[in-house]
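A short worksheet on the structure shown next.
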Amino acid sequence: MKKWLIMILTLALGLLGLAGCSSSDKTSSDGKVEITYGFWDKKQVPAIEEIIKLFNEKNPDIKVKTELTPYAQYFQKLETAATGGALPDVLWMNGPHVVQYAKGKVILPLSDMAKKDDFSFDNYPKSLIDLYTVEDEVYGIPKDFDTTGLWYNKKIFDEAGVPYPDDTWDWNKLKEAATKLTNKDKGIWGYAALMGNQGGYYDFIWQNGGHIISEDGKSVGFDQPEAIEALKYNISFIEDGLSPTQAQMTETAASELFSSGKIAMMFDGPWMVPEYKKNPDLNVAVVPQGKQRAVAIHGLSNVIAANTKHKDAAWKFVQFLGSKEAAEVYAKTGTVIPAYNGTQDAWLQSVPNLNLKAFIDGVDYSVPLPSVENTGEIWQYETDILKKAWSEEESVEDAVKELTKKANEALSKN
Amino acid sequence: MKRRSSFFSLFSLKGGSIVKEIPLQVEVNAKRRKLKVPNLSKTRKRSDFFWAYLMIAPTMLGLIIFYLWPILQTIYFSFTEWGAFGQYEWTGLDNYKRMVDDANLLQSFKNTGIYILFTVPIGIFLSILVAVLLNQKIKGKSVYRTLYFLPVITMPAAIAMVWRWLYNSDYGLLNYLLSLIGIKGPQWVSDPKIALYSIIVVAIWSGIGYNVVIFLSGLQGIPKTYYEAAEIDGAGPIKVFFKITLPLLSPVIFFVTIMSFIGAFQVFDLIFMMIGKGSTALEKTQSIVYLFYQHAFVLNDKGYAAAIAVLLLIIILIITAIQMVLQKKWVHYD
Amino acid sequence: MEKTRQLITSKTVLIHMILIVGAVAMVLPFIWMFLTSLKTYAESIHVPPVIIPKDFQWENYKEVFTLLPFFKFMLNTLIVTVLRTAGQLFLCSLAAYAFARIEFPGRNFLFLVALSVLMVPGQVFLLPQYMIMVKLGWLNTLQAVVVPGLFSAFGTFLLRQFFMGLPKELEEAARLDGCNHFQIYWRVMLPLAKPGLVALGIFTTLWSWNELMWPMIVNSSPESMTLSVGLSSLQGQYLTNYPVLMAGSFLAIVPMLILFMILQKQFIEGIAITGGK
């Protein structure tokens, strides 16, 4: 019996030793520096790994460890990590959150470092640099940009005898096509009315002439007639049986239903290209217009955590991530549209049988995602409240009234 | 015949007799040594104290640092409000005032209440039933016991995943089986009206095995003489169950009930893994602990979360106090 | 000894029928989990459902390993579980012995203090424990999960019961042989408390392996995640790609399943004792 206890304790101590080796010791004895890179999209892993490989050719003494966290938990985890000074050294940042992180001083301003190393911000679209500039300091190096496209399944269109979407389509045409494409017997829906802001109801609201956050940043526009009309249009697909219900899409993700040929059309971004290019039945067109054309435009950037212990290594990596070379990797693999000026053509050619131009065309009439200090809080209200309208539990009017009240309260805190 | 009543020495400082055998040689040595007079000098007492404090030190220090002091800290935090990235400030009773109007919190109490109301009694009833059946003279007892115990050793995260899949309204096995007999299955985990009950089923399913084992052990502790006497008296199985089994099992039943209650009160894992954040069923299934987690680590509302934790503490203390009183009334000892 | 013949009475048949229905209900989800893990996505959402997949898609398992460091999850969970179990067995028994067998000032008071922890629901400890980890810089480490779990009021209480039941003569004998308390504890008491130690060991192992909330709060980077947290992360990445999710779930439960098959008797006895005390 004692022998058991001794064995267990020895095993425990042995494992403790193992644990000591395996838990975070970022500088190993041979002088190599290790930095962590945090991001959320698993579809971009192959491209990122190739970029890291290229980076190591020039910087063999900097090891980059990737840290993949699902989007749903990404910012929640970041908040926790930031509080504990445990953010990954380099990480993805998006527009809605950069202000909070910059003002909270948990990410580093990059302007001085860029000046010292002659790193130019002119290589990127000004709108993206502005998105990541807080109080005159640039905090992030743009990585990509994205708009919205109308993805569709050619096979379903062919079988229903409906011509493919083109740039003449408008709201009525979308509804009409969805009606013809929906086939209850085969379990096929015409259009997935996903509840989402970017590439979803934001786009519809803008197409209808509405706004999300007012010019003075003091109020939201959800309760305006344009927005209400847009939301009602969006939800009408569910009401008319042309789209899976909110509950159904929670249980089985729309993107997976789309991949498996159960949905004819849905809005989504260029980040789906690596996934959807595998399916020969899929293609993409420009998003239909409402009173005007509009799609959301947004782009991610790479930022450096204030708690990094390897500032130089992190900065070297971030520079490389923003380089033409890295942009070309993203472009030729069709992973995302790189932000670096002039590299977008390579992306366009990367998957010839997909009409990727639809996304580039969208830039002309795109509207940037609204960003304030507590955007995250407002998005949370949107999710919590609008889902009741989406599940037809509440009318759109009631939902937007509650949402507007809560969002305006949040905005008044700024 | 003395019945082991040590279940409730939780609240007394005395123990019961557990060890049944003593190695013979030690006994002999002990008898031999009894002739000598024990030396109770001061040095021995001091060495006693030294060893005692040394031996309890790690555990006591650990408990104080990680458990007892945190209780005070949580109470303190419940009077604060937190901003981004870990800053907080004192706000007095604000959090508690907020709780009064919080519809979500009230709903989570209702949810947790329904959860407890169904999980505990049904779970215990089924466990007793299975335990009694397993206690009969039948073959394959250990096979059954193993099978019933499988869900207990399975990670709640994995259980939640497979049941979510079984419950899927369009492609899940359950609705398919129902469609075979002409019933259109409901949306088990997306319909706010029934999602909670779907979770209750999973909770009962995964907890039966555990209680079966405990009840079985309790049943086996009932001396056969009682049953033999009943048989001689000509009592039928139902009468035996109600007049003998149940009363003698009552300490165990009571204990299991309290433990199940407290466990059910703190349900989190199943709900977290089975109900998506965008699901409309969320408000009607959130448990109190889920709300605590939500406020503490998702919304970064740590002060409010601490207040919820304090509320939980008060409730459990009240329940424990009630239990101590009821114990004296309802439990049969001989 | 009389040999009792097992009569196949209608009573026995009835009992078996009821038990079998229950047993099938217990096992069916696991079988379905395994079958689904081997299907393609299209097969899994096919209506009517495909029971046995046409080709066994072992790639689903590979997918689980390539995207997330699942093997690391298993290793982490193993380390955390062994350390916590061994730690509790040692530290709790040490304290339990002292509380049970040594008379010292403040004994009852200190024991009640320790016991009061049992009255408190776990969530009350979480936030401050989390803040401690933040201050120590222990977020995303294994020690953040292990260390608070080394100390257990429950374990101390349980083992104290066992020690109190041991006869005093053994101690007297050992003392007169010149043993100090630690030696008495180590050589005499511990071996005799084996059932209690096994029970606590099983109980702690089970709890540690399956724990979700605390490991999830302190460990959000894949390198230091445990299996439960890893599964929830998997769900975040694969949303509703059930074959892959089922593969991940199956991998997560297999180790404990194997352990259980080997140590069945100890498991069941252990639970019975912890439940009974």
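Residue numbers (the working numbering), protein chains in the order written: chain G, 1 to 414; chain P, 415 to 748; chain V, 749 to 1025. Each residue gets a CB set at the ideal place from its N, CA and C atoms; glycine is no exception.
In the DSSP output, which residue or residues are listed as bridge partners for residue i?
i, result
"G/Tyr191", "G/Met265"
"G/Gly38", "G/Glu67 and G/Leu91"
"G/Glu137", "G/Val134"
"G/Tyr152", "G/Met265 and G/Asn283"
"G/Ile166", "Note that residue 166 of chain G is Asp in the sequence shown here, rather than Ile. Looking at the DSSP assignment, G/Asp166 forms no beta bridge with any residue, so it has no partner."
"G/Gln289", "G/Asp170"
"V/Phe930", "Looking at the DSSP assignment, V/Phe930 forms no beta bridge with any residue, so it has no partner."
"G/Ile417", "Residue numbering for chain G in the displayed model covers 1 to 414; residue 417 of chain G lies beyond these limits and cannot be assessed."
"P/Asp515", "P/Asp515 is not bridged to any residue."
"G/Ile52", "Bridge partners of G/Ile52: none, in fact."
"G/Pro142", "G/Ser301"
"G/Pro338", "G/Asp144"
"G/Val220", "G/Ile213"
Ends of the alpha helix (DSSP H) at residue i?
i, result
"G/Lys232", "Pro225 to Glu239"
"G/Ile297", "No alpha helix (DSSP H) contains G/Ile297, which is instead part of the beta strand (DSSP E) from Val295 to Ile297."
"V/Ser980", "Leu975 to Tyr986"
"P/Ile658", "Looking at the DSSP string, P/Ile658 is not in any alpha helix (DSSP H), and its letter there is neither H nor E."
"G/Thr182", "Counting along the chain, G/Thr182 falls outside any alpha helix (DSSP H), and DSSP gives it neither H nor E."
"P/Glu503", "That residue, P/Glu503, is in no alpha helix (DSSP H); its beta strand (DSSP E) goes Tyr502 to Trp504."
"P/Leu610", "Ala609 to Gln634"
"V/Thr784", "Ser758 to Ser785"
"V/Val882", "Gln871 to Leu884"
"V/Phe910", "Ala901 to Met912"
CB-CB under 8 Å to residue i, same chain, minus the five flanking residues each way: which ones, in chain order?
i, result
"G/Ser29", "Model confidence at G/Ser29 stands at a pLDDT of 46, short of 50, so the residue's coordinates are unreliable; what they give is reported in the following sentence. Contacts found: none."
"V/Thr974", "Phe821, Asn824, Thr825, Val828, Val893, Glu959, Pro963 and Asn967"
"V/Glu750", "Low per-residue confidence applies at V/Glu750: pLDDT is 42, beneath 50, and the placement is therefore not dependable enough to give any value."
"P/Ser604", "Ser583, Ser693, Thr694 and Ala695"
"G/Met265", "Leu150, Trp151, Tyr152, Asn153, Pro165, Leu174, Ala177, Ala178, Leu181, Gly190, Tyr191 and Ala192"
Specify, as a first and last residue, the run of the beta strand (DSSP E) that residue i falls within.
i, result
"G/Ala285", "Leu282 to Ala285"
"G/Ile366", "Note that residue 366 of chain G is Ser in the sequence shown here, rather than Ile. G/Ser366 -> beta strand (DSSP E) spans Ser366 to Pro368."
"P/Glu495", "Thr494 to Trp496"
"G/Ile304", "Ser301 to Ile304"
Who are the near neighbours of residue i in its chain, counting only those whose CB is closer than 6 Å to its CB and skipping five residues on each side?
i, result
"G/Ser366", "Thr147, Val295 and Ile297"
"P/Pro437", "Because the pLDDT at P/Pro437 is just 47, under 50, the model does not fix this residue reliably, and the value given afterwards should be weighed accordingly. Around P/Pro437: no qualifying Cβ."
"V/Pro1061", "Not covered by the structure: residue 1061 of chain V. The range shown for chain V is 749 to 1025."
"P/Glu435", "Since pLDDT at P/Glu435 reaches only 38, below the 50 mark, its modelled position is unreliable, and the value read off the structure follows with that caveat. Once the five neighbours on either side are set aside, P/Glu435 has no close Cβ partner at all."
"V/Pro817", "Pro970"
For residue i, which residues of its own chain have a beta-carbon under 7 Å away from its beta-carbon, when the five flanking residues on both sides are left out?
i, result
"P/Phe592", "Checking the sequence, you will find Leu at residue 592 of chain P rather than Phe. Once the five neighbours on either side are set aside, the close Cβ partners of P/Leu592 are Gly599."
"G/Gly140", "Met93, Val98, Tyr132, Ser301, Asn302 and Val303"
Chain B beta carbons: is any one of them nearer than 8 Å to that of residue i?
i, result
"P/Ala721", "In the structure shown, chain B cannot be found, because the protein chains are G, P and V."
Quick one: any contact between the region 141-160 of chain G and the region 286-296 of chain G, if contact means 3 or more CB pairs under 8 Å?
The region 141-160 of chain G is in contact with the region 286-296 of chain G.
Pairing CB atoms from the region 255-273 of chain G with CB atoms from the region 347-357 of chain G, are three or more of them under 8 Å?
Judged by Cβ distances under 8 Å, the region 255-273 of chain G makes contact with the region 347-357 of chain G, as three or more pairs qualify.
Please list the residues of the region 794-814 of chain V that have a C-beta atom closer than 8 Å to any C-beta atom in chain G, keeping them in chain order.
Across the region 794-814 of chain V, CB contacts with chain G closer than 8 Å involve Val795, in sequence order along the chain.
Name the residues in the region 244-257 of chain G whose C-beta lies less than 7 Å from a C-beta of chain P; which are they?
Only those residues of the region 244-257 of chain G whose C-beta falls short of 7 Å from the nearest C-beta of chain P are listed: Gln246, Ala247, Gln248, Thr250, Glu251 and Thr252.
Could you name the residues of the region 964-998 of chain V whose beta carbon sits closer than 7 Å to any beta carbon of chain G, in the order they occur along the chain?
The region 964-998 of chain V vs chain G, Cβ under 7 Å: Ser968, Ser969, Pro970, Ser972, Ser981, Gly984, Gln985, Leu987, Thr988 and Asn989.
The region 487-520 of chain P: positions lying closer than 8 Å to chain V by Cβ:
Contact residues of the region 487-520 of chain P toward chain V are Gln487, Thr488, Phe491 and Gly500 (C-beta to C-beta distance below 8 Å).
Identify each residue in the region 525-550 of chain P for which the Cβ-Cβ distance to at least one residue of chain G is less than 9 Å, and report them in chain order.
Residues passing the 9 Å Cβ filter: none.
Short-range partners of chain G found in the region 584-597 of chain P, where Cβ spacing is below 8 Å:
For the region 584-597 of chain P, which is checked against every Cβ of chain G, the residues closer than 8 Å are Asp584 and Tyr585.
Residues of the region 701-717 of chain P with a CB closer than 8 Å to any CB of chain G: list them in chain order, please.
Sequence-ordered contacts of the region 701-717 of chain P with chain G read Phe711, Val712, Leu713 and Asn714 [C-beta pairs closer than 8 Å].
Can you list, in chain order, the residues of the region 90-114 of chain G whose Cβ is nearer than 8 Å to any Cβ on chain P?
So the list reads Gln100, Gly104 and Val106, given in the order they occur along the chain.
Within 8 Å of chain V by C-beta, residues of the region 646-670 of chain P in sequence order
With the criterion set as a beta carbon lying under 8 Å from some beta carbon of chain V, the members of the region 646-670 of chain P are Val666, Phe669 and Val670, in sequence order.
Quick test of the definition: if touching needs 3 or more C-beta pairs under 8 Å, does the region 998-1008 of chain V touch the region 923-932 of chain V?
In short, these stretches do not touch, since the Cβ pair count stays below three.
Would you be able to state if there are at least three C-beta pairs under 8 Å between the region 986-994 of chain V and the region 538-545 of chain P?
These segments do not touch.
Please list, in chain order, the residues of the region 859-893 of chain V that have any C-beta partner in chain G closer than 8 Å.
Cβ contacts with chain G come from Met881, Val882, Gly885, Leu887, Asn888, Thr889, Leu890 and Gln891.
Residues of the region 356-389 of chain G with Cβ closer than 8 Å to any Cβ of chain P, in chain order
Listed by position, the residues of the region 356-389 of chain G near chain P (Cβ gap below 8 Å) are Gln380, Thr383, Lys387 and Lys388.
Between the region 603-635 of chain P and chain G, which residues of the former have CB atoms less than 9 Å from a CB of the latter, in chain order?
If the cut-off is 9 Å between Cβ atoms, the region 603-635 of chain P has Val603, Ser604, Asp605 and Pro606 near chain G.
Anything in the region 773-793 of chain V with a Cβ closer than 9 Å to a Cβ of chain P? List those residues in chain order, please.
Correct list: Ala773, Met774, Val775, Leu776, Pro777, Phe778, Trp780, Met781, Thr784, Ser792 and Ile793.
What residues from the region 184-199 of chain G come within 9 Å of chain P, judged by C-beta to C-beta, listed N to C?
Listed by position, the residues of the region 184-199 of chain G near chain P (Cβ gap below 9 Å) are Gly187 and Met195.
Short of 9 Å Cβ to Cβ, which residues in the region 327-338 of chain G face chain P?
Against chain P - using a Cβ distance shorter than 9 Å - the region 327-338 of chain G contributes no residues.
Flag this pair as touching only if the region 194-209 of chain G and the region 275-286 of chain G have three or more C-beta atom pairs under 8 Å; answer yes or no.
Verdict: no, contact absent.
Per the contact definition of three or more C-beta pairs closer than 8 Å, is the region 672-682 of chain P in contact with the region 369-382 of chain G?
No, they do not touch.
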